[in-house]
Amino acid sequence: MARGTGIRPWKRGTEAARAASTTVVPNGDVVVTDDGGLFAGDGTTQLKDLPRHARVTDIDSRTATFPVESFGNPDTDYSASLLAAITASQANNGIVTHRPGKSYTARSTVPWTGPVRIDWRGAKITRSADAPNSPVLDIYHPVSTPQAVVAITQANRVWPGSTDATLVSRIEVASVAGWTVGDWGVIVGDDTIPGGSPARAQREGERFRVAAIDGNLLCLSRLVRVTLTTAIRVARMTEREVRLIDPYFTDDPASPTTRTAPMIQIRTAVRPRVYRPRFENLMSEGLRYVACVENETHHEQADKLRTSLTAGAWGYGVRDMSCNDSLHVGLRGSDLRHVYTSGAYESTAAGSPDTWRFGSTIGARIVNGSAGEVGHAAFDLHEEAAYCLFDKCSVAFNHKEPDGSQFAFQLRGRDNIIRDCTSIGPGAVSIRGFDGGGRHQIIGHVHTVPRGLSTASAFRIAYTDMTARGAAELSATVIAPAFAGTAVALLARKAVIRIPSLVVRTDSAQAIHRLTDIADSALLVDEMVVDLRGSTGETRIFSLIDSLSSVRVNRLVVLAGGAAWRVADLATLNGTVTVARIETDTAPAGGGFADVGATAVTSIGEIVVDQASNLTAAAVVGDTDLAPSAVGPARHILTAPLTADRTVTEPTAAAQGRSITYTRTAAATGRYRWIVGSESVDTGGWITRTWTGTAWTTTARGRTEPSAVAAPIPAAGSYAFTAVSGTSTSSASPNQQVRAQPWLLDRSVTIDRIGVEVTVAGGAGTKWRLGIYADNGNGYPGALVLDADAVAGDVVGMIEKTITALRLPAGLWWVAAVMQDAATTPPTVRVLNAWSPPVMMTLGTALPANGSVGAAGFTQSNVSAALPDTFSTSVFTTSLVPRVFVRTA
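Just so it is clear: in the sequence shown, position 719 is 718 by numbering that gives the first Met the number 0, and no numbers are missing.
Now the structure itself:
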């Protein structure tokens with residue numbers, strides 16, 4: 000192949016006149032025809048038998064190859080040969096190639112600012128021991144001088160071919176000279192990146208594409224995702240192609256320990272692509288992107304990358320620094336610190352013209368990654384990361400290195416997601432955050448702890464550096480056979496964690512085994528399944544170690560197989576645990592559902608003990624350790640098949656006035672009875688027992704089946720009113736006064752929406768806040784089970800709020816509504832008229848006044864924000880309550 004090298008197009012029409020030959024013209028030009036044929040520069044000699052390194056490659060358009068072997072002597076000065084080959088390939092829209100399987104030694108850095116295509120074809124590049132502490136290949140694409148931004152505004156825009164309006168950001172500048180539609184730009188400010196440590200002086204920014212230009216407005220096709228307020232400026236990026244294929248890089252083993260530079264660095268590039276890179280035995284990181292947009296890495300392999308805290312060298316496979324909307328597919332790594340991580344430059348001076356030092360890492364997507372034997376979190380996000388996603392990634396056997404952790408994944412920053420990932424090892428995910436951060440989601444994660452491992456929790460969500468609690472969401476499965484640690488599933492610190500689903504399988508042999516460790520945190524659990532079959536010690540599901548913590552569970556399923564367990568462990572401190580429904584095959588340990596502190600609150604709703612052949616009579620309601628405090632009412636549904644009468648040993652201590660209802664459903668088999676005190680409960684019957692302070696006494700009894708089947712519940716997606724009567728309209732409800740009305744359910748129902756009807760709009764900003772309270776056992780609202788937040792009161796119509804599906808067991812509930820923020824005109828709503836509540840309503844302990852009317856509900860005043868956790872015990876009645884509707888789920 001010719002070493003010299005111009006590339007000229009040759010038209011197909013002259014091809015027939017060319018004589019076929021295998022001759023290679025030593026220094027002639029190479030001609031590329033439109034059908035891919037190669038000819039000598041005179042157009043008469045076709046190169047039929049091309050050398051292996053002289054082929055045509057189709058990337059974005061037809062290009063000719065420029066072998067690095069054809070430029071100087073790469074065996075003695077690889078970097079010079081590579082630079083010469085890149086220069087020639089750029090001039091002729093070509094691609095640099097290497098000889099497959101050959102080894103080269105790089106002794107200096109190749110800097111490059113233009114478009115570049117390089118195919119290493121698996122050739123091995125070793126950075127020599129005497130090379131400078133800089134990348135082997137350093138690509139930088141220029142950015143224009145920043146210009147001041149006048150304002151950032153938002154507007155709805157209808158794009159050509161669409162009828163829907165899109166809310167977009169508009170960047171106003173003094174002049175749009177030099178800008179065109181399709182340009183890429185960067186907008187920065189001197190604002191500190193939220194979610195990060197303020198001491199690091201990391202400045203905010205974002206990369207964007209210009210979708211339209213209106214006057215002096217640069218219009219995006221979306222909203223700017225960062226908040227900029229100080230010294231805002233914008234610059235234009237340069238779009239030049241970057242294609243790097245099959246690089247294989249390593250460091251000389253004799254390299255100095257002070258080496259910290261990556262092998263390849265790409266700065267401020269638009270849509271650079273790196274395919275199948277391989278990094279092995281590096282002194283630091285492999286591939287670093289800085290301030291790029293839509294950069295992609297495909298199928299990287301990184302092994303044996305050193306981390307040195309002393310040298311400041313970090314063994315990262317791929318690092319995004321202030322990049323936006325990157326995509327990394329099929330990253331693989333072992334024996335390194337992170338397969339992937341993010342970052343942003345620290346100590347950035349205010350007003351710096353170096354826009355590449357600015358910006359969060361936004362919108363990174365890491366898909367189908369895999370790691371093994373990793374020293375820190377294999378997949379990691381630093382404090383500046385936002386809206387990033389780890390999707391279908393897996394980690395096996397991560398271990399702890401100096402300044403590392405035992406967790407496979409780590410989330411910092413804000414609004415990041417881990418979805419459908421798996422991990423095997425000590426820990427699964429660690430979440431941390433500073434003010435402005437948090438709101439992370441872990442969706443569908445499966446974590447396995449190797450048998451017998453003694454370790455920390457699978458999930459650690461700790462916002463201890465934040466002023467207020469941070470938010471998170473967790474749905475996961477934890478499998479921990481023979482676990483020997485302290486809290487197998489979750490450690491929570493200063494967090495509010497929504498848990499749609501959590502499954503824990505463990506068979507610990509420890510005397511006391513805790514599944515969670517909770518401090519200054521709140522857990523909101525839709526469903527939790529605990530499989531303890533095989534455990535020989537006692538398991539405590541929720542361990543609350545301070546009075547600030549609380550747990551609310553809609554449904555708890557415990558498959559114990561005879562193992563001892565309790566719902567909660569609050570032995571020496573305080574906290575609140577509320578469980579709407581428990582389903583188990585084994586009643587709790589002899590001490591009862593909770594081992595509680597002096598003023599802890601434990602509220603258990605329905606308890607279903609099924610298939611309980613190992614159930615002892617004393618353990619059906621073995622809550623003798625419950626302190627005399629505000630413990631909610633319990634309803635025990637007894638469905639176990641009986642082969643003889645069975646006696647329930649009632650608790651010997653309880654809060655005075657506490658009631659427990661025992662129900663023997665018609666579906667339960669066996670002709671025998673449950674004996675409770677001097678009473679018996681046979682099939683289809685129920686009794687309520689109340690503690691007087693010295694003894695249990697029967698206060699109610701009845702039959703629910705088979706004399707009458709409970710009223711059916713409307714099909715899922717159906718709307719219904721919680722009370723039916725005549726109606727009228729009224730605006731007389733006082734501002735900030737909660738009005739609670741009874742709602743009696745004779746079977747359980749699940750709802751996902753709640754609302755009221757506004758007939759006349761109130762003043763701007765007026766709203767109605769809706770919720771549901773449990774009954775306190777005496778026909779009066781007790782503990783809050785739902786705060787649905789507010790619906791608008793300043794619009795007319797059936798106004799509803801969508802909520803997380805909430806299951807309400809059969810029983811008495813209290814629907815609450817409060818008008819708020821009605822500074823001027825209160826809204827008019829549909830109210831119940833001439834309604835007879837389904838239960839007896841107390842009028843208080845004082846003698847009613849002459850002419851008193853019956854109560855339709857109870858009130859509590861001065862509620863200006865969230866509904867109180869417990870309804871006021873001071874009885875104030877009302878005959879006027881809004882008509883509330885719900886939707887079944």
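Ideal placement from N, C-alpha and C gives every residue a C-beta, glycine not left out.
- According to the DSSP assignment, Y779 belongs to no beta strand (DSSP E), since it is labelled neither H nor E.
- Bounds of any alpha helix (DSSP H) do not take in S351, whose DSSP letter is neither H nor E.
- Around S520, the same chain offers A491, A494, S548 as residues with beta carbons nearer than 6 Å, after the five sequence neighbours per side are excluded.
- Of the other Cβ atoms in all chains shown, fewer than 16 fall within 10 Å of the Cβ of M797; this residue is therefore exposed.
- A contact is defined here as three or more CB-CB pairs under 8 Å, and the segment 184-193 fails this definition with respect to the segment 121-136.
- Between P780 and F875, the CB-CB gap reaches or exceeds 9 Å.
- Minimum Cα-Cα distance from S863 among the listed residues E799, Q736, V748 corresponds to Q736.
- Minimum Cα-Cα distance from R116 among the listed residues N91, R156, V880 corresponds to N91.
- Inclusion of P73 and Y103 in the CB contact set at 9 Å is warranted, their separation being smaller than that value.
- For S679, the uninterrupted beta strand (DSSP E) segment begins and ends at 678-680.
- When secondary structure is reduced to three states using DSSP, Q146 falls in the strand class.
- The residues F433, in chain order, have a CB closer than 6 Å to that of D464 in the same chain once the five nearest residues on each side in sequence are set aside.
- Scanning its chain for C-beta atoms nearer than 8 Å, with the 5 sequence neighbours on each side dropped, one finds around I802 the residues I750, D751, R752, I753, L785, A787, in chain order.
- In the pairwise beta carbon analysis, the segment 299-307 is classified as not touching the segment 262-269: fewer than three pairs are separated by under 8 Å.
- Here the alpha carbon of D319 sits roughly 32 Å from the alpha carbon of P499.
- For A739, the closest alpha carbon among the candidates V817, F720, R418, L805 is that of V817.
- In this structure W813 is buried. Its beta-carbon is surrounded by 16 or more other beta-carbon atoms within 10 angstroms.
- Nearest neighbour of I423 by Cα position, chosen from G435, A563, C392, A234, turns out to be C392.
- A residue is called buried once 16 or more other Cβ atoms fall within 10 Å of its Cβ, and W158, having fewer, is exposed.
- Look at V737 here: in three-state DSSP terms it is strand.
- Ranked by Cα distance from C322, the options E205, V757, R551, R672 are led by E205.
- Using a C-beta cut-off of 8 Å, the segment 558-567 makes contact with the segment 527-535, since at least three inter-stretch Cβ pairs fall below that distance.
- Boundaries cannot be given for A731, as no alpha helix (DSSP H) includes it and DSSP labels it neither H nor E.
- For the pair G469 and R645, the Cα-to-Cα distance works out to about 48 Å.
- In this structure, T296 lies away from I124, with their beta-carbon atoms at least 9 Å apart.
- Looking at the DSSP output, Q819 shares a beta bridge with K766.
- If you draw a straight line from the Cα of K766 to the Cα of D379, it is about 42 Å long.
- For the pair of segments examined, the segment 718-726 was found not to touch the segment 688-699: the number of CB pairs separated by less than 8 Å stays below three.
- Its Cα nearest to that of L227, the residue I170 stands out among W119, I170, G181, G770.
- The beta carbon of L326 lies closer than 6 Å to those of E295, R364 in the same chain, with the five residues before and after it left out.
- Shortest Cα-Cα distance from V557 to any of V578, T583, R551 involves T583.
- With a contact defined as Cβ atoms closer than 8 Å, G71 and G100 miss out at about 20 Å.
- Cβ contact annotation for A253 (same chain, cutoff 6 Å, sequence separation greater than five): A128, in chain order.
- Straight-line spacing of the CA atoms in S456 and L769 works out to 37 Å.
- Taking the C-beta atoms as reference points, G358 is found nearer than 9 Å to E383.
- Each residue's CA atom was taken as its position, placing R331 and E372 some 11 Å apart.
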